[in-house]
Amino acid sequence: VYAHCIHIDDEDRALMRATGAAAAISPTSNLFLGSGFFDYVNADRVGFLYGLASDVGGGTSFSPFHTMLAAYYVGREGQTKPGLSLKPQQLWWQHTTGAARALGLEGVVGNLQPGCEADFVVLNPSATPLLARKTAQASSLDELLFALIVLGDDRVIEKTVISQALKA
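As structure tokens, then:
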């Protein structure tokens, strides 16, 4: 697993794909340091593995909400068609299943399929008045997920389940 991968070209991407190497993408760090942007479009075009990650050594937060929002910002900065960015479902997937796949743990963690380890949080989309209002107005799953990305923080975590044992 390589970190960041913000200064790679198609030859590097193809080599990563061929060898099964993956990238841990830390957009909060890259934005904070001004070090560059991960090229989601070309990563997807070439088809190598990557997942969203947090690198507080160079960034500002461990929050998955902040990480997904930073990835959204990076996606808007010339990486996709004007006015478009990474879709909320894609951001959540890269944060969960995509990260598990990048670490070689697909089928073990990263989703709620039978047989996977059940470590997860239950989110309350009505945890704050503003979030409750935005999620109540959501007309699609993407709108609901986007509201959680933009307005979510530790207050939305209703409970945590670790190895299928409820933790308050």
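Count the sequence shown with the numbering used here and you get residues 42 to 209, in order.
Positions of the beta carbon are idealized from the N, C-alpha and C atoms, including for glycine.
Predicted model only: the values in this text are computed from it and were never measured.
- Its chain contains ARG54 and TYR91 as the residues whose beta carbon lies nearer than 7 Å to that of ALA84, once the 5 sequence neighbours on both sides are disregarded; these appear in chain order.
- The distance from the Cβ of SER204 to that of GLU147 is about 19 Å, inconsistent with a contact at the 8 Å cut-off.
- Short of 8 Å from the beta carbon of VAL42, and not among the five residues preceding or following it, lie these beta carbons of its own chain, in chain order: ALA62, ALA63, ALA64, ALA65, ALA143 and LEU144.
- For THR101, no beta strand (DSSP E) segment is defined, and its DSSP state is neither H nor E.
- Relative to the Cα of ALA168, the nearest Cα in the group LEU192, ARG58 and ASP160 belongs to LEU192.
- A distance below 6 Å between beta-carbons, with the five flanking residues on each side excluded, links GLN135 to the following residues of its chain, in chain order: GLY92 and LEU93.
- Excluding residues up to 5 positions away in sequence, LEU192 lie with their Cβ nearer than 7 Å to the Cβ of LEU171 in the same chain.
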